[in-house]
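Residue numbers are given in my numbering: position 285 of the sequence shown equals residue 269, and the series is strictly consecutive. We treat Cβ as the ideally placed atom computed from N, Cα and C, and that holds for glycine. The structure displayed is predicted, hence computed values, not measured ones.
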Amino acid sequence: MDTTRADRLRCYGNKNIVTSNIDTLFKRGYMFANAVSPAPVTLPSHSSIMTGLFPINHGARDNSIYRLSPDNVTLAEVLKEKGYNTAAFVSSFILDSQYGVNQGFATYNDRFLHPQQKGRLPVERRGIETATLAAEWLKNNAGKEPFFMWTHFYDPHAEYDPPEPFKTAYESDPYNGEIAYTDMCIGLLIDELKKDNLFDSTLIVITADHGESLNEHNEQTHGMFVYDSTLHVPLIISYRGFTEGGEKINDQVRSVDIFPTVLELLGITNNSKTDGKSIVPLMNGEKMEELPSYCEAEIPKSFYWNALKGVRYKGWEYIYGRKPELYNLEKDPAEKENLISKEGAKAAELQGILKKIVEDRNKRISTSIAPVDEETVERLKSLGYFQAGGTSGKEGKDEEFLTSFTRPDPSEQISLYRKYQRLTNLADSKEYEPAEKGLLEIIRQDPQNPRFIATLGKMYEDMGKIEDAIFRYEEASKIDKDNSRYYFLIGNLYGKEGKEEKAVDFYRKTLISDPSHFMAHYNLGRHYTVKGKFEDAIKEYETTLKLKPDHSYSLNNLAYIYIEKFKDVKKGVEYLKEAAKSAPGTPFIRDNLGWALMEAGDYNGAIEECSAAVKIDPNNPQYLLHLGDAYKKKGNREMALENWKKALEIKPDFKEAKDRLKAG
């Protein structure tokens, strides 16, 4: 369950909600009253669940630019190796396979049939679609061999807009409504397990990646802080015969403990290094030594504020920053009274524990950066995770974090952040005048904040004020010199203005800052293609493909060069087949492949591909023209004429269609 506070489930004490399916699972299992996540955002916390490692060790530190490195060992990989059929069904683009959490899953369903659109692109789907697909998989696969299935529900994430009847039933608290709706979706999976006679033999774990602030600590949603409002999550482990009526365990446990716990319950040994420890002894009524839970929030770095690190241990939470915080969670669960000045010894003890975790590199996996293109940026932005300049704000090594601070804490800037959120919404709604006024004001208040400045630049870009946009992106790049994206955005704008040489200069600057920026390589390839420097273009496209092997546009452009310039149709067809495999829903690629297959003499293949292009975009006259050509080559004059006529109906002045019809 994405974005679900523990205290919002009925079995955790919320009497204003009905979560009967989750209650059913609790009644045959264990509810952990003090389960905590290591991060208040989706990718790092899910990666911790899957690896048993804290984000500082598995390397996927934040959404948007990181990916879970393949050097990690995931729960799915361990179980797949042991003969389990593994499947995952996720509901948000944040968990797209490109971010690495698909490791070990034989089936990884991250393609949305009926997506929730935010802007132009699909970014999430309702739980009912996810549950239906997961139930169908269970019906067709479970019972034949041991299985491990991960189902992810994104509905409790903002914006809160549950479908009926939950919308009406929870009109005063739509967040509760989303959780109640998710409970209904979980019920569909329980029903399918019962139909397949698998419910009694299936171990079920219910948890969340993180919670939601709901305006506590002046934070609307999550990501900026590491308080319990966003780190205290539900954890229920359920299996037939575990308990009679459900048992509540109050000991602190952690998301990283799920990995080793599941393996022990399944009787599987594994030698992977983890931060987690099996909590099976607690389930058996035994005492366990409590282990500290490390936590971090990296989002503030993209605003040039301090990231936060903390530790939760034996009823206390310590947050290290320029203004450190200490809370007694037993007496002050809402974390309202900072005891840092009164409990110096306790603060020093917890800081020492935190320092030890940060400096211990024994389990550390190298960070892996996800390739990010403009479509990805748009999707992440629509989910609230990627604005203008993206994420950079380098602070040095984690060990250096514990020595000095040069930037504000997010707690000092949260009011400014909330203003920023409102202003970006205004800009997205094209209310440019108040958005501009507000952005200029918050820039005056925080002049060293490159993200504020770049957001103003993006708004100017959307308004068509290209010179102003370039000025603001350049201003941001002077503050955050390591952020390659600013150089890339400037290059794009110069390209739009037709100033190709300046664009190339900034793409090269992008690559000096980040040699793995695949879109900069791709755009250089396009530049060289236009200039007729085909060898240079091929080099850039091939580099792009090394960084992102499924980049369909690079594959398409390589095909163009080999067919049109080098007359190597066979090689061109090979590239286009790879492109179509990577992007089967992109009509111009399917059309190009059809055209290339005609050149190669494969007329049946040409008809198939051109037909696919027409099916995707039936009102494109060019695709209809090519489909007619393919039929003509095949000798089917009737179908050729039919498609050429359709092309002419759509575009009455289409000369090529007129000429073909005239020639017959």
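TODO: Below 7 Å CB to CB, which residues in the same chain sit around Tyr607 once its five sequence neighbours on both sides are set aside?
DONE: Pro571, Asp575, Cys594, Ala597, Val598, Asp601
Open item on the list: Just checking Val189 against the ligand MG - is the residue's beta carbon closer than 6 Å to any of the ligand's heavy atoms?
Closed with: Within the structure as shown, the ligand MG is missing, as the structure has no ligands at all.
Task: Short Cβ contact (7 Å threshold) for Met133 with Ala71 - done: yes
Task: Ile337 versus Lys178: straight-line alpha-carbon distance, rounded - done: 46 Å
Task: Length of the line joining the Cα atoms of Phe10 and Glu420 - done: 51 Å
- [ ] Select from Leu645, Pro39, Glu524 the residue whose C-alpha is nearest the C-alpha of Cys279.
- [x] Pro39
TODO: Could you say which of Ile324, Ala318, Gly299, Asp316 lies nearest to Glu649 if we only look at CA atoms?
DONE: Outside the displayed span of the chain (-15 to 648) sits residue 649, for which this structure offers no information.
Task: Classification of Lys285 by the beta-carbon crowding that lies within 10 angstroms, buried from 16 upward - done: buried
Task: Sequence-distant residues of its chain with Cβ nearer than 7 Å to Thr58 (five each side left out) - done: Met34, Thr35, Gln87, Gly88
TODO: Compute the distance between the beta-carbons of Glu248 and Val237, then report whether it is under 7 Å.
DONE: Note that the C-beta distance between Glu248 and Val237 is not below 7 Å.
Task: When Tyr138, Glu65, Gly195 are compared against Phe108, the one with the closest alpha-carbon - done: The residue asked about is misnamed: residue 108 is Glu in this sequence, not Phe. Ranking the options by Cα distance to Glu108, first place goes to Tyr138.
Task: Continuous alpha helix (DSSP H) stretch holding Arg306: start and end - done: Per DSSP, Arg306 belongs to no alpha helix (DSSP H) and is neither H nor E.
Open item on the list: Quick check for students: name the residue ranges of the alpha helix (DSSP H) that lie wholly in the segment 538 to 599, counting only runs of 4 or more.
Closed with: 553 to 566, 571 to 584
- [ ] Count the C-beta pairs between the segment 153 to 163 and the segment -12 to 7 that are closer than 8 Å, then say yes if the count reaches three, no if not.
- [x] Yes, they touch.
Task: Extent of the continuous beta strand (DSSP E) to which Val703 belongs - done: Any answer about residue 703 is impossible in this case: the structure gives the chain only from -15 up to 648.
Open item on the list: Measuring alpha carbon to alpha carbon, tell me which residue in Phe77, Thr390, Gly67, Tyr83 is nearest Lys128.
Closed with: Closest option to Lys128, judged by alpha-carbon separation, among Phe77, Thr390, Gly67, Tyr83: Gly67.
TODO: Might you give, ordered along the chain, the residues of its own chain that have their beta carbon closer than 7 Å to the beta carbon of Ser29, omitting 5 neighbours on each side?
DONE: Ser21, Pro22, Ala23, Asp193, His194, Ser239
TODO: State yes or no: is the C-beta of Tyr432 within less than 7 Å of the C-beta of Tyr288?
DONE: According to the sequence shown, residue 432 is Gln rather than Tyr. The answer is yes: Cβ separation under 7 Å.
Open item on the list: By the DSSP assignment, the beta strand (DSSP E) with Glu280 in it spans what residues?
Closed with: 277 to 281
Open item on the list: Tell me which residue opens and which closes the alpha helix (DSSP H) that Val57 is part of.
Closed with: From DSSP, Val57 is part of no alpha helix (DSSP H); its letter is neither H nor E.
Open item on the list: Helix, strand or coil for Ser156? Go by DSSP, reduced to three states.
Closed with: coil
TODO: Kindly indicate which three-state DSSP category Lys293 falls into: helix, strand or coil?
DONE: strand
Open item on the list: Buried or exposed, going by whether 16 or more other CB atoms sit within 10 Å of the CB of Lys123?
Closed with: exposed
TODO: Under 8 Å Cβ to Cβ from Arg224, same chain only, skipping five residues before and after it: list those, please.
DONE: The residues are Arg12, Phe183, Asp184, Ser185.
Task: CB of Leu508 within 7 Å of CB of Tyr491, strictly - done: yes
- [ ] Look up Ile252 in the DSSP assignment and say whether it is helix, strand or coil.
- [x] coil
Task: Exposure of Asn181, with buried meaning 16 or more beta-carbon neighbours within 10 Å - done: exposed
Open item on the list: Considering only their Cβ atoms, is the gap separating Asp259 from Leu37 smaller than 7 Å?
Closed with: yes
Open item on the list: Please identify the residue among Thr390, Ile437, Asp446, Arg402 whose C-alpha is closest to the C-alpha of Glu415.
Closed with: Distances from the alpha-carbon of Glu415 to those of Thr390, Ile437, Asp446, Arg402 put Asp446 closest.
TODO: Buried or exposed for Gln397, please, with buried defined as at least 16 other CB atoms from any protein chain shown within 10 angstroms of its CB.
DONE: Buried: at least 16 other Cβ atoms inside 10 Å.
TODO: Over the uninterrupted alpha helix (DSSP H) stretch that includes Thr8, give me the two end residues.
DONE: 4 to 10
Task: Contact check, Tyr587 vs Lys618, beta carbons under 7 Å - done: A contact, by the Cβ cut-off of 7 Å.
Open item on the list: Please tell me whether Arg73 and Thr114 are closer than 7 Å, where the distance is taken between their beta carbons.
Closed with: At residue 73 the sequence reads Phe, which differs from the Arg that was named. Going by C-beta atoms, Phe73 is nearer than 7 Å to Thr114.
Open item on the list: Rounded to the nearest angstrom, what separates Met15 and Gly269 at their Cα positions?
Closed with: 13 Å
- [ ] Please classify Asn476: is it buried, with 16 or more other beta-carbons within 10 angstroms of its beta-carbon, or exposed?
- [x] buried
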